[in-house]
Structure formats: structure tokens, C-alpha cells
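Enquirer:
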Amino acid sequence: MDWLRRGCGIGLVCLGLAGCASPGLPRSPTLNLPTPVTDLTAMRRGGGVDLRFTVPQRNTDKLPYKADAVKADVCRAVDGGACLPVASLAGESFARTTAGKATVAELRDELPEALTVGGAHLLAYKVELLNPVGKTAGYGDAAYTAAGAAPAAVEGLVVEGSRLGIVVSWQVVGADGSEIALRREDLAPKPVGVKTSGVSGGKALAGGKAKLPTAKKIDAEEEENVVWLGVGAPVGDVKAPAGMVLDATAAAEEPYRYSAERRRVVQVGGRAIEMRGVVSAGVVFTLHDVYPPPVPTDLSVAEFAVSNTDPAQGFAADLIWQPVDDKGLGGYNVYRQALDAKGAPVGVRQRLNSVPVKLPGYHDVLSAAMSGTRYRYGVTAVDAKGNESAACETTLEPE
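Going by our numbering, 225 is the number at position 225 of the sequence shown; the sequence numbering is gapless.
Now the structure itself:
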């Protein structure tokens, strides 16, 4: 029996040990509160404020948020005052995910008229997120912008083609401290991996210091087919009215949509705040390669006898001109036209070269029978597409 008692004792000890394991403190059920917003941005545009933030994927317990949507309430504070709920932005609902990616929520607060006129005032916005039963972890981080009069909208946007690129112009208003930001959207699909976004070398035909749009997260999140064009840099010695920009980076036969807005930075509440005007209506334009090179200049002609001893060998005319500076230049065409004593054309104008002349000079040999006739010579520039400039002309008078 001793062995039995000993065996039972061992069994009891084992049972006792098994009963000694502690399950730990009981865990309270999660409240499933959405994580507060930490990336809110507020951009003043025209008569309202555009708000953006990322809808959280997890709750305050760092667990996946268990709901298909998140509701948001927004409050607004003026000049450091109390943050009061914006009635028009109460209970906005956003899906938690979109196609497997976090949702970027977008809201617009149309300001009351009193906040759209006069000098700048500091505005602060906060967002609180609510779960399906209306519980919240409170407001997230604040985002700041400005009340007051916003920059005027850009009007009269015109887009035209040129040999150097696409020219964008607009109506000029009185100086208000704002700058123009031009947005170019590429409407043609690009292969995967080809990125065209960023700030491009748009050049102003009017003089002035180059300026680029203020760097903002809202710009960084633009589509990959968007380019912001810098405004204010002169193109060589070209002079043109203010309110005109050359987009020298635009590709031929590519459709683009251009729009513009005014931006102004104000100092308010110890912060530098950017205010933007309403974006203009977009203008769609495709640059076709139909623009000829510049016209050659300084054409001159000199006549001389082919032989000093034999007039029957005829005479020659040597032409020279200033070369055209154009990256697409294919060469030059040289024309000759007989004229009567009054300078009127006789017969047809002849092109003397069968292929474009590469150098800025030409040697034209004429027969003895052609001596004593007045001739008009013309030189044009031509590109690889066959676009031909107007002619630079000069007259060879008979000796």
C-alpha cells in the first residue's frame, strides 16, 4: 500500500502544480476607437479650405480597426479661439480602405463670407474620428491655414503653339503679392514606371526673378502625370508682355491640359501660410510639329565672271547668310527668280538645290545668255519635318 500512497501523492502533487499556473490579469475588451488623425493638411483655396487626411487602419489598441467606415467631425478655430464644430462637416463617412490602400479623406469647408474678406486671420482645424457607436479618442493634430481675402482667380488663360514649345498666357491683374502657378497634366497614358511629375523648366517670356510653387504635401501627392511649371525666368533676350510663359519641355504630338492659380504667402499668427486662388478652367492643347525654323538673316550676293578671258563661260553668284540657330534645323533652300526692268517677276521661281544646303552659303553658276538680267535670290530654313521658313531675299543687279 505504501507504493500506492506514494503514487497517489505524486498524482496530487502533479494536479496541484497544474492548478498553480496563472492566466494573468483579465483583459478588458477593446473599445475599437480609430487612431486620431496625425497628418491633417488644410489648404485655403478661393472661398473655402480643402482638408485632407489619411483614414487610419488601426485602433488605439494597435489592432486592426473593426469597421468598414470611419465617421469624422471637424472643428474650426479663428485666431487662437475655441475650436468650434463645423456643422456642414459633421458625420462625414469614409471607407476604411480603397482597393487595398489606405483611404485619403478629402473635405471642403466653405467659409462664411466674414472669413473671406479683409486681412489674414489664422485658422486652425482639427478632426475627430468616431467608431460605429459614436465613441472617439478625441481630436488629432491641428492643421493651420488663413482666413481673409484669397488671391484672385486666373482669367483669360490662352494656350498656343510655337517653334520653341507651348506658350501659355493669362490676364494680368494689379500687384497683390501673389505668384502664378501653372499646372500641366499629361493626358496621354505612359508606360508603367515612366514618371513625369515634378517641377518643370517652364520659362517666362517676360523678365523677372524665377519662382516656383511653394512645396506642399498637397502638391507632392499629385498624380504622376502632373508637372508644375516655374514662372518668371527670361528666355534669352526675348521681351514679351507680363503674363506669358513658354513651356519648353512640352513634347510634340502629346495632349496636355493646362490650368493656373494664384498663390500668396502671408504671415499670420507667427506662421507662414500659403493662400491660393480658385484653379482656372483647364485648356487642352496638343503641340503639332508644324512650326518652321527662324528666317535666315543678312543674305548678301556677289557676282563675278567665271573666266576673265572667255565670257562664253558665263558668270557666277556667291550667296552667304547668317546661320540659323535651331536644334531641329535640316538645312537651307536657295531660290532664284528673274525680274524685269521694273522689278516684276518673270517666269517661275526656281529652287536651285535638290537637297537642303547644310552650310550658310551657295555658289550659283549662270550661263552667258543670262547676263544682264536682274535676279532676286531667296534663302529659307527647313527642318527635318519639311517645315520651311519665310525667305530672306536680296537682289542681284545686272552689271
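Yeah, the Cβ is synthetic: ideal placement off N, Cα and C, and Gly gets one too.
(1) Could you compute how far the alpha carbon of Val104 sits from the alpha carbon of Asn32?
(2) Out of Ala341, Glu274 and Gly269, point me to the one whose CA is closest to Arg456's CA.
(3) Might you give, ordered along the chain, the residues of its own chain that have their beta carbon closer than 6 Å to the beta carbon of Leu448, omitting 5 neighbours on each side?
(4) What number of angstroms, rounded off, separates the C-alpha of Leu107 from the C-alpha of Gly161?
(5) Have a look at Pro293 and Leu182 and give me their C-alpha separation to the nearest angstrom.
(6) Based on the DSSP secondary-structure assignment, which residues constitute the bridge partners of Asp50?
(7) Consult DSSP for Ser300 and reduce its assignment to one of helix, strand or coil.
(8) Thinking C-beta only, is Gly282 closer than 8 Å to Tyr258?
(9) Leaving out five residues on either side along the sequence, give the residues of the same chain with a beta carbon under 6 Å from the beta carbon of Tyr139.
(10) Give the range of the beta strand (DSSP E) segment to which Trp228 is assigned.
(11) Would you report the Cα separation of Gly134 and Gly91, rounded to the nearest angstrom?
(12) Is the stretch 326–345 close to the stretch 377–385, with three or more CB pairs under 8 Å?
(13) Which residue's Cα is closest to the Cα of His121: Ala260, Tyr144, Gly177 and Asp247?
(14) Ignore the nearest five residues each way along the sequence and tell me which others in Gly361's own chain have a CB closer than 8 Å to its CB.
(15) For Val346, collect the residues of the same chain with a Cβ closer than 7 Å to its Cβ; drop the 5 residues on either side in sequence, then sort them by chain order.
(16) Just to confirm before moving on: does the CB-CB distance between Ile166 and Asp298 stay below 8 Å?
(17) How is Ser88 classed by DSSP in three states: helix, strand or coil?
(18) Check Gly9 in the structure and name its three-state DSSP category.
Expert: Straight from the coordinates:
(1) 20 Å
(2) Residue 456 lies beyond the residue range present for the chain, which begins at 1 and ends at 399; the question has no answer from this structure.
(3) Nothing about residue 448 can be reported from this structure: the residues present for the chain run from 1 to 399 only.
(4) 37 Å
(5) 27 Å
(6) Asp50 is bridged by DSSP to Met43 and Arg108.
(7) strand
(8) Yes, Cβ-Cβ distance for Tyr258 and Gly282 is below 8 Å.
(9) Scanning its chain for C-beta atoms nearer than 6 Å, with the 5 sequence neighbours on each side dropped, one finds around Tyr139 the residues Lys126 and Glu128, in chain order.
(10) Val226 to Leu229
(11) 10 Å
(12) Three or more beta-carbon pairs drawn from the stretch 326–345 and the stretch 377–385 are found closer than 8 Å, and the two stretches are therefore classed as touching.
(13) Tyr144
(14) Asp318, Leu319, Ile320 and Trp321
(15) Ala338, Leu339 and Asp340
(16) Not a contact, by the Cβ cut-off of 8 Å.
(17) helix
(18) Only weak support exists for where Gly9 lies, its pLDDT of 46 falling under 50; the coordinates are left without a value.
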